[in-house]
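Line by line, the protein sequences give chains A and B. If you read the first sequence in this note's numbering, its first letter stands for residue 50, the second for the next number, and so on. If you read the second sequence in this note's numbering, its first letter stands for residue 50, the second for the next number, and so on. Virtual Cβ for every residue (Gly too), placed ideally from N, Cα, C. Comments concern the structure below.
Protein chains: 2
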Amino acid sequence: MMTRRTILGAAGAAAAAGSATGAQARTLPDRLFLHHVYFWLKAPKDPGARDALIAGLRKLAMASDIIWSHIGVPSPSARGVVDDSYSVSWLATFSDRAAEERYQVDPIHLKFVEECAALWERVVVYDTEQAD
Amino acid sequence: MMTRRTILGAAGAAAAAGSATGAQARTLPDRLFLHHVYFWLKAPKDPGARDALIAGLRKLAMASDIIWSHIGVPSPSARGVVDDSYSVSWLATFSDRAAEERYQVDPIHLKFVEECAALWERVVVYDTEQAD
């Protein structure tokens, strides 16, 4: 299994390479804490607002406690159980809840909230511990 | 980058090793489609119902189109934006939407629904395309 140092090193290398994707290829550890946030924008039909939020999330993805993250947009669906009304999805994964709590007060996260909070109208967060 | 065959091979090896965790260590490709399902059980205080659903999800995780999956339970939170009212979280990742659509009709998925649907009262699904 990769060590934490190796994982973070790979993240840094991907960032240095200027990856334009919402996530980098990554080897995950066998246990993860999920922090999945769905954003509803004040201006859901404004691509500029969506792009600004996505740009903010790309910077947020550099927070050091994040093991792997994914930035996305809804896949439209006609199925009643599918909620495709949100504007942007942000999934960040951590080693455990303590790491997610550190991320909450990371200056990178605080700056993201300061710069981007005016864009959204509503946020729903699901925090998930891996089942034993 | 790992080929699809290599990824599935690693999954098979982990399954053969009888991993008891909700996810296996895995190298992810650089683009993924997310299918995140939150279940609210009819009997949310019954650990047996929760364990039965988790056991069903462990079998579902063997569906061949899934690249990586995670089974979890809510991490309690006092933050108003955090919804910790669900019973079980199921995150499955795919190469793209077409793969998720194949999974919907995979016999393993149909059997999961048949065996477990009586356990839940409500399901919310978020399907997410990775941002460009």
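Quiz prompt | Reduced DSSP category for L81 (chain B) - H, G, I as helix; E, B as strand; rest coil | solution = coil
Quiz item: Less than 8 Å separating the beta-carbons of L102 (chain B) and T142 (chain B)?
Solution: no
Self-check item: Reduced DSSP category for G121 (chain B) - H, G, I as helix; E, B as strand; rest coil
Solution: strand
Self-check item: Contact between the stretch 102-113 of chain A and the stretch 170-179 of chain A (3+ Cβ pairs under 8 Å)
Solution: no
Quiz item: Near D133 (chain A), what residues of its chain come up, given a Cβ to Cβ distance below 8 Å and the 5 sequence neighbours on each side ignored?
Solution: P123, S124, P125, S126
Quiz item: Tell me which same chain residues have a C-beta within less than 6 Å of the C-beta of R75 (chain B), skipping the five on either side of it?
Solution: W117
Quiz prompt | D114 (chain A) in three-state terms, based on DSSP | solution = coil
Quiz item: From G129 (chain A) to Y135 (chain A), what does the alpha carbon distance come to, in whole angstroms?
Solution: 15 Å
Quiz item: A148 (chain A) lies in the alpha helix (DSSP H); which residues open and close that run?
Solution: 146-153
Exercise. For the beta strand (DSSP E) containing R128 (chain B), list its first residue and its last residue.
Key: Taken as a continuous stretch (DSSP letters only), R128 (chain B) belongs to no beta strand (DSSP E), as it is neither H nor E.
Quiz item: Can you find a CB in chain A that lies within less than 8 Å of the CB of P96 (chain B)?
Solution: no
Quiz item: So, helix, strand or coil for D176 (chain A), using DSSP?
Solution: strand
Self-check item: Which residues DSSP lists as bridging R171 (chain B), in chain order
Solution: B:W89
Quiz item: Using a C-beta cutoff of 8 Å, does S124 (chain A) count as contacting chain B?
Solution: yes
Practice problem: Provide the residue(s) that pair with A141 (chain A) in DSSP beta bridges, ordered along the chain. | Solution: A:H84, A:S118
Exercise. Return no unless some Cβ of chain B is closer than 8 Å to the Cβ of S118 (chain A).
Key: no
Practice problem: Using the DSSP secondary-structure output, state which residues sit across from L75 (chain A) in a beta bridge. | Solution: The sequence given here has Arg at residue 75 (chain A), not Leu. Per DSSP, B:L77.
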